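S.K.: Quick note on our numbering: the sequence shown kicks off at 20 and runs consecutively.
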Amino acid sequence: MSELHELLADMIRVPSVNPCGCEPSAPQEGEARMTRFVADWLGARSIAHEVQPALPGRDNVIAKVPGQGGPALCFEAHMDTVAVGEMVIPPFEPRVEDGRIYGRGACDDKGSLAAMMMALARVAQGPPPPRTIILAAVVDEEYLHSGARAYLRDAGPIAGAVVGEPTSLRVVIAHKGALRTRITTRGVSAHSSNPEAGVNAIYRMAHAVVALEQLAAELRDREPHPLVGGPTLSVGTIHGGMAVNIVPELCQAMVDRRLIPGEMPDEALAEIAAALEGILAEGDDLTPTLKDWAVETTEDEEIVDLTRAAVREVTGDDEPMGVAYCTDGCDFVEAGVPLVVLGPGEIAQAHTAEEWVELSQVDTAAEIYERIMRSA
Ligand SMILES: [Zn+2]
């Protein structure tokens with residue numbers, strides 16, 4: 020196996036399952052071992068890096084190869100993976116077959132991260148690149164993007180970023196954002212033999228859900244974005260009541276609103292609030308749990324130029340495109356950093372029971388990243 024393939028296999032062997040808001044408890048949970056692995060790998064190659072706290076016991080690794088001047092270019096990929104319970108292959112025992120490597124994270128997102136690390140190591144061995152190159156290996160992409168947020172809070176000036184996620188090596192310049200909101204209705208419990216004595220929280224939530232269905236229908240009539248399509252809204256969960264013979268005093272629902280470029284999370288939240296006006300009562304609430312900005316990088320941004328030029332030379336297919344899924348790119352937009360998303364593997368392979376990535380795509384990604392790093 021090549022050094023890059025060995026690196027990716029070693030990274031698949033290191034479990035880094037996102038505990039999704041809980042303290043890491045199960046043995047495979049948390050990124051701590053990956054953080055150490057990445058830091059040690061960089062250290063062995065004398066690449067300057069720091070371990071940056073993002074969440075308790077969950078740290079980013081930020082590496083830097085100094086350039087000749089000007090604001091830096093950032094290469095970002097995440098160290099966490101989704102859970103492994105549904106997998107039908109051993110998640111942490113990489114297997115190579117027919118040019119593919121199988122295992123949790125192969126495609127999302129260790130393929131991108133390994134390719135970025137290898138590209139950085141190659142650049143570090145040569146003369147200083149035109150720009151300072153930063154590699155940000157971050158935690159918690161699969162849940163709240165806390166790693167990217169922690170990094171961007173005090174990252175100096177960044178000219179542009181490449182976010183590594185499986186795009187089949189296509190240049191992604193636009194993707195949707197997301198607003199998630201919890202709706203809580205509160206009533207007064209009473210015995211169901213005398214419901215007039217209570218206030219039914221489920222009845223009020225039912226009216227709220229009908230209003231949201233109406234809003235979702237209105238969104239379908241809006242002008243779609245040329246690269247990512249139209250905005251959507253979906254009520255995903257609803258929980259309420261304790262027992263059939265008690266008038267429920269609490270009901271909660273979760274709403275997922277997907278944003279297209281140009282829509283701000285707070286505007287979408289205000290729109291939901293307006294749709295529920297006259298339905299929600301005092302004591303009810305609407306609490307956003309996630310605000311991810313949509314991404315749209317204009318084609319005249321330097322990072323788009325640099326990336327397209329590199330991709331053109333390596334694969335020939337540099338046509339910019341949009342995707343529906345969210346990435347850490349949301350946080351770069353919020354921080355005012357222009358970005359592209361590009362990485363090996365197909366998004367259809369991410370999060371699957373048999374996750375794999377084509378090794379030749381990982382090699383090609385490393386070549387593309389290295390070219391971008393060396394260009395200016
Ligand atoms: Zn990912």
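The beta carbon of each residue, even a glycine, is placed where N, CA and C say it ideally should be.
Source: prediction; values computed, not measured.
Assuming Ala-156 contacts Asn-37 under a Cβ cut-off of 8 Å, what Cβ separation, rounded to an integer in Å, is found between them?
M.R.: Position 137 of the sequence shown, counting from 1, holds the residue named residue 156. Position 18 of the sequence shown, counting from 1, holds the residue named residue 37. Actually they do not touch by this definition, with Cβ atoms about 14 Å apart.
S.K.: Taking 7 Å as the cut-off, is the C-beta of Ala-138 nearer than that to any heavy atom in ligand 1?
M.R.: Residue mapping note: residue 138 aligns to position 119 of the sequence shown, counting from 1. Not under cutoff, so the answer is no.
S.K.: Based on the DSSP output, what are the partners of Cys-41 in its beta bridges?
M.R.: Counting from one through the sequence shown, the residue named residue 41 turns up at place 22. Partner(s): none; Cys-41 has no beta bridge.
S.K.: Does ligand 1 have a heavy atom nearer than 7 Å to the CB of Ala-369?
M.R.: Along the sequence shown, read from residue 1 onward, the residue named residue 369 stands at position 350. Within the cutoff, so yes.
S.K.: Under 8 Å by Cβ, that's how I've got Gly-196 and Pro-307 pegged, so tell me the actual separation to the nearest angstrom.
M.R.: Locating residue 196 in the sequence shown gives position 177, counting from the first residue. Locating residue 307 in the sequence shown gives position 288, counting from the first residue. Actually they are not in contact, since the Cβ atoms of Gly-196 and Pro-307 sit about 12 Å apart, beyond 8 Å.
S.K.: How many whole angstroms separate the CB atoms of Gly-206 and Val-263, which I take to be in contact at a CB cut-off of 8 Å?
M.R.: The count along the sequence shown starts at 1 and reaches residue 206 at position 187. The count along the sequence shown starts at 1 and reaches residue 263 at position 244. About 15 Å separates the two Cβ atoms, so there is no contact after all.
S.K.: Would Pro-90 pass as a contact of Ala-178 if the rule is Cβ separation under 8 Å?
M.R.: Here residue 90 refers to the residue found at position 71 when the sequence shown is read from its first residue. Here residue 178 refers to the residue found at position 159 when the sequence shown is read from its first residue. A contact, by the Cβ cut-off of 8 Å.
S.K.: Just reading off the alpha helix (DSSP H) that Cys-349 is part of, what are its end residues?
M.R.: For the purposes of this step, residue 349 is identified with residue 330 of the sequence shown, where counting begins at 1. That run of the alpha helix (DSSP H) goes 348 to 353.
S.K.: Would DSSP call Val-228 helix, strand or coil?
M.R.: Within the sequence shown, numbered from 1, the residue matching residue 228 stands at position 209. In the structure shown, Val-228 sits in a helix (DSSP, three-state: H, G or I).
S.K.: So, using beta-carbon positions, are Leu-84 and Pro-176 closer together than 8 Å?
M.R.: Taking the first residue of the sequence shown as 1, we reach residue 84 at position 65. Taking the first residue of the sequence shown as 1, we reach residue 176 at position 157. As written in the sequence, residue 84 is Val, which differs from the Leu given in the question. No.
S.K.: Confirm, please, whether the CB-CB distance from Glu-116 to Ala-372 is below 8 Å.
M.R.: Position 353 of the sequence shown, counting from 1, holds the residue named residue 372. Position 97 of the sequence shown, counting from 1, holds the residue named residue 116. No, the Cβ-Cβ distance between Ala-372 and Glu-116 is not below 8 Å.
S.K.: Taking only runs that begin and end inside the segment 20 to 108, name each unbroken alpha helix (DSSP H) of 4 or more residues, in chain order.
M.R.: The qualifying runs are 22 to 32, 51 to 63.
S.K.: Whole-angstrom Cβ separation of Ala-167 and Asp-311, contact assumed at under 8 Å?
M.R.: What you label residue 167 is simply residue 148 of the sequence shown in a count that begins at 1. What you label residue 311 is simply residue 292 of the sequence shown in a count that begins at 1. Rounded, the Cβ-Cβ distance is 10 Å, inconsistent with contact.
S.K.: So, do the segment 310 to 327 and the segment 227 to 237 have three or more beta carbon pairs nearer to each other than 8 Å?
M.R.: Contact between the segment 310 to 327 and the segment 227 to 237 is absent, because fewer than three Cβ pairs lie under 8 Å.
S.K.: If you draw a straight line from the alpha carbon of Val-333 to that of Val-359, how long is it in whole angstroms?
M.R.: Reading the sequence shown from its first residue, position 314 is the one you call residue 333. Reading the sequence shown from its first residue, position 340 is the one you call residue 359. Roughly 17 Å separates the two Cα atoms.
S.K.: Compare the Cα-Cα distances from Ala-300 to each of Glu-318, Glu-315, Cys-270 and report the closest residue.
M.R.: As a position in the sequence shown, residue 300 is number 281, starting the count at 1. Of Glu-318, Glu-315, Cys-270, the residue nearest in Cα terms is Cys-270.
S.K.: Using the beta-carbon count (16 or more within 10 Å), is Gln-368 buried or exposed?
M.R.: Stepping through the sequence shown from its first residue, residue 368 is reached at position 349. Buried: at least 16 other Cβ atoms inside 10 Å.
S.K.: Please classify Ala-138 as buried or exposed, where buried requires at least 16 neighbouring CB atoms within 10 angstroms.
M.R.: Your numbering for residue 138 matches position 119 in the sequence shown. Ala-138 is buried by the Cβ-count criterion.
S.K.: In three-state DSSP terms, what is Glu-116?
M.R.: Against the sequence shown, residue 116 aligns to sequence position 97. In the structure shown, Glu-116 sits in a strand (DSSP, three-state: E or B).
S.K.: Considering only heavy atoms of ligand 1, does any lie closer than 7 Å to the CB of Glu-184?
M.R.: What you label residue 184 is simply residue 165 of the sequence shown in a count that begins at 1. Yes, since a heavy atom of ligand 1 falls inside the 7 Å radius drawn around the Cβ of Glu-184.
S.K.: For Asn-213 and Gly-260, I'd like the C-alpha separation in whole angstroms.
M.R.: Taking the sequence shown and counting its residues from 1, one reaches residue 213 at position 194. Taking the sequence shown and counting its residues from 1, one reaches residue 260 at position 241. Rounded to whole angstroms, Asn-213 to Gly-260 spans 16 Å at the Cα level.
S.K.: Quick one: is the Cβ of Glu-365 within less than 7 Å of any heavy atom of ligand 1?
M.R.: What you label residue 365 is simply residue 346 of the sequence shown in a count that begins at 1. It does not: the Cβ of Glu-365 is nowhere closer than 7 Å to a heavy atom of ligand 1.
S.K.: Taking only three categories from DSSP, how would you classify Cys-126?
M.R.: Locating residue 126 in the sequence shown gives position 107, counting from the first residue. Helix at Cys-126.
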